[in-house]
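Notes follow the structure.
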Amino acid sequence: MAAVIPSSASSAFDPPIIPDDMHPPVDLTEGIGRFRTKLATYLKEEDIERVCAAYQFSADAHRGQFRISGDPYVSHPLAVAETLADWHLDAQALSAALLHDVVEDTFISKADIAERFGKTTAELVDGVSKLDRLEHQSYEEAQAENYRKMLLAMARDVRVILIKLADRLHNMRTLDAVRPEKRRRIARETLEIYAPIANRLGLNPLCRELQELAFRHMHPIRYRVLDKAVKAARGNRREVVGKILHAIEKHLPECGIEARVRGREKNLYSIYRKMRDKHLSFSQVLDIYGFRIIVKDVPSCYLVLGALHGLYQPIPGKFKDYIAIPKANDYQSLHTTLIGPYGTPVEAQIRTTEMNQVAQAGVASHWLYKDTQTLPDLQRKTHKWLQSLIDLQSASSDTAEFLEHVKFDLFPSDVYVFTPRGKILALPRGATPVDFAYAVHTDVGNCCVACQINFESMPLRTELRNGDRVEIVTAPHARPNPAWLGYVRTSKARAEIRRFLKTQQNGESAALGERLLAQALRALGLEPAAIAVLDWARFLRNRGGRSKPEVLTDIGLGKRLPAIVARRLIEGRTIGAGDNDEARRGAILIRGTEGVAVQLAGCCRPIPGDPIVGVIRKGQGLIVHTHDCPAIAKQRGEWVDVDWEPGIGRNFEVAIRVFVANQRGVLAKLAAAIAEEQANIVNVSMDQENDAATMLNFTLQVSDRQHLARILRNLRRVPEVVRIARLKDKPKD
Ligand code: MN
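Every letter in the sequence shown is one number past the one before it in this note's numbering, and letter 675, counting from 1, is 1527.
This is how it looks when you write it as structure tokens:
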């Protein structure tokens, strides 16, 4: 062991003690040695020591635990960290990889890790654990795309995803030890979720290995048959490949181009997928020869393309320029398909060295190649976000800042939440259960009254987080609350709430309009029932196609005056005196619960029992003030006689101001005096007037004027109370 590990490795890499039970002692020495050597190629001595300490900590924590294969458990985190070392990840990420199963599987907490290895490492471990927990939730097959986005959104740090991918890679490599049905589930998940994420990050070799392993475990028989066929065919192919390779290698220098040419083998999964998706036979798929040509700069790429098209005839429509338009994962290359010697298709990928690096290592190419001379060129040509990353990197070598930047470009800004049935919904960040309800169905939104998030009752305005399981409670006669408009984030929810309220408002306004019209008719000495259908028909004929409900709504909204409509309706009739006193007294009775069509004025806050007066404001409907409200002098609009409906039986808010002498416990006394009359205090605010007195503003809920009078009487009995006034203007909070 000492021969493999550089001298500075210290005791951190001593093999763990294996208990002498049925498990064979597995030698970790080789793996540790290889890991240590990899670290030494790019990490500073102090960072290597930190990683060593994390390894030792993990080995101690997992001591006595074994994988299904019988290997000591720590061999797994070690393998994961080794993959990350291949990608040249930093010491924090490597430590987190070594510790990634510690929180889930041992008694060590996130706080322990933070204390020992720093906050960042602890956050990374926590991030990986969160993804592991998410895996245990079910997801619908059709939802793979959203599930991937959810994973990315939850990770919030590209290193968490990289650790998770390396974790998955090692689990896939050691999947043989797992039960067959579990094997298939994990393989399918790998194919649907993790291979595409690796592809998205541009980690192409990783993506291909995950696909290959997953294919083997999902369809073992198909894999074996295909494997055998490919091996058999490879012998025949070698000659053809050699011939084409030789022709290209000879032709390019003749055109003055310096290039490296490689033959390219397809993996079994891509052969299988081509056969399945394009309905091709095995020989049709395999008889395509792949070559990769790597050159020093972009102009050479196009020169190679020209040279190849001179050598073999290109197949029309098969040329793709991913240099001018890179793929989403920053992949760049020229792709062309030619007709080769025996009439067989030849696929060529042409790219520069830097493009090849990005194609091989994707997002990790940043760590792998940041020191090479090729960066300025990469900077010019790669996709926008990678460009900005490198800009940032050359400006400062602060990894944290770099990673911070990656987040915004890579991770979706949406949040992904589960329905109770395991369906995943994508919502904008900041979305609430109300948005969720409307996203499920308009009726669910309109009838929603409460919600449960992760099986706990939560307010409807709660901001949803990734991975939340949301369940909406509905009630058949519930209606949207205008207050929801204050916090919904989705345009669908906003539009639906508005639409409902408008419909509701029209209904309420029409009802009010009908009552206002009836009152106006009575003032003219007519019962509303005396207006015949014919009168309405005549009236509407001259009103530009408005319907009767529309006219009533207009009246309720203050757009038409009821007295004028009433007179027009009875035009041509001879009316009696028209000043029937009895009828004139028919005030509109209000309850204050009519909704948006009738509003109790905020200035004087009328309560039942107060003498009131109504004014129809254009576009606002009927507004009710107290008789003595100072605001009414300034009001414009049509005045309407209104009165309270008897027996309303609900509470109204009223504001009072109490001046008290400063004494200990005075507020408690006031509260008791109010409570004695079964009134609720909605709000109290306090202002110290001077050393001797304090001003208290209460907002109370009372049923009517008598109720308020009883409360005021109780308050006056409190010795400290100096003065009480009912507030006609909203107290400032
Ligand atoms: Mn793991």
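Quick reminder that beta carbons are idealized off the backbone N, C-alpha and C, glycines included.
Could you check what DSSP says for residue i in three-state terms: helix, strand or coil?
i, result
"ILE1202", "strand"
"ALA1330", "coil"
"LEU1474", "strand"
"CYS1153", "helix"
"ILE1191", "strand"
"LEU1452", "strand"
"ASN1318", "coil"
"ALA1252", "Residue confidence for ALA1252 is low, a pLDDT of 46 falling below 50, so the modelled location carries little weight; the figure read from the coordinates is stated next. Reduced to three states, the DSSP call for ALA1252 is helix."
"LYS1034", "helix"
"ARG1569", "coil"
"ILE1576", "strand"
"PHE1307", "coil"
"TYR1141", "strand"
"ASP1387", "helix"
"ASP1649", "Nothing can be reported for residue 1649: it is not among the residues displayed for the chain, which extend from 853 to 1585."
"ASN1549", "strand"
"ASN998", "helix"
"SER961", "coil"
"CYS904", "helix"
"LYS1170", "coil"
"ILE884", "helix"
"PRO1197", "strand"
Less than 8 Å between the CB atoms is what I'm expecting for residue i and residue j, so what's the real figure, rounded?
i, j, result
"ASP938", "LYS890", "7 Å"
"ARG1114", "PHE1143", "7 Å"
"ALA913", "VAL977", "Not quite, the Cβ-Cβ distance comes to about 12 Å (not below 8 Å), so this is no contact."
"ARG1314", "ILE1305", "A small correction: the amino acid at residue 1314 is Thr; Arg does not occupy that position in the sequence shown. At roughly 6 Å, the Cβ-Cβ gap stays under 8 Å, so THR1314 and ILE1305 are in contact."
"VAL1536", "ASN1549", "7 Å"
"THR1271", "VAL1296", "Going by Cβ atoms, the distance from THR1271 to VAL1296 rounds to 10 Å, so no, they are not a contact pair."
"ILE1049", "LEU1003", "7 Å"
"LYS962", "ALA974", "5 Å"
"VAL1492", "GLY1466", "4 Å"
For residue i versus residue j, is the C-beta distance shorter than 8 Å?
i, j, result
"GLU1497", "ARG1443", "yes"
"HIS1022", "ALA931", "yes"
"LEU1138", "LEU1157", "no"
"GLU1064", "LEU1027", "no"
"GLU1490", "LEU1579", "no"
"LEU1099", "ILE1015", "Here residue 1099 turns out to be Ala, not Leu, going by the sequence shown. The answer is no: Cβ separation not under 8 Å."
"ILE1109", "SER1152", "yes"
"ARG919", "HIS928", "yes"
"ARG968", "PHE887", "no"
"ILE1146", "ARG1203", "yes"
"GLU1323", "CYS1303", "yes"
For residue i, is the classification buried or exposed, using 16 other Cβ atoms within 10 angstroms of its Cβ as the cut-off for buried?
i, result
"TRP1336", "buried"
"SER1343", "exposed"
"LEU1386", "exposed"
"LYS1354", "exposed"
"GLY1192", "buried"
"VAL1286", "buried"
"TYR1141", "buried"
"GLN1209", "buried"
"VAL1534", "exposed"
"ASP1129", "exposed"
"HIS1644", "This structure cannot speak to residue 1644, because the chain is shown only from 853 to 1585."
"LYS1259", "With a pLDDT of 44 at LYS1259, under the threshold of 50, the modelled position of that residue is not reliable, and no figure is offered here."
Rounded to whole angstroms, what's the CA-CA distance from residue i to residue j? Just pull it up for me.
i, j, result
"MET1310", "VAL1269", "15 Å"
"LEU1483", "SER1399", "The sequence as given places Ala at residue 1483; Leu does not occur at that position. Whole-angstrom Cα-Cα distance: 35 Å."
"ARG1116", "ASP1079", "16 Å"
"PRO1197", "SER1135", "12 Å"
"LEU1368", "ALA1531", "34 Å"
"ASP923", "MET1024", "15 Å"
"VAL1417", "ARG1346", "35 Å"
"GLY1461", "ASP1556", "6 Å"
"TYR1124", "ILE1073", "12 Å"
"ASP1149", "ALA1047", "30 Å"
"LEU1238", "MET1006", "In this prediction, LEU1238 has a pLDDT of 37, which is less than 50 and means its spatial position is unreliable; nothing more can be read from the coordinates."
"ARG1341", "GLN1201", "45 Å"
"ALA905", "PHE959", "18 Å"
"LYS1170", "GLU901", "52 Å"
"GLN917", "VAL1301", "48 Å"
"GLY1054", "LEU1155", "26 Å"
"ASN1394", "SER1361", "22 Å"
"ASN1542", "SER981", "59 Å"
So is residue i in contact with chain B if we call contact Cβ pairs under 8 Å?
i, result
"GLY883", "In the structure shown, chain B cannot be found, because there is only a single protein chain."
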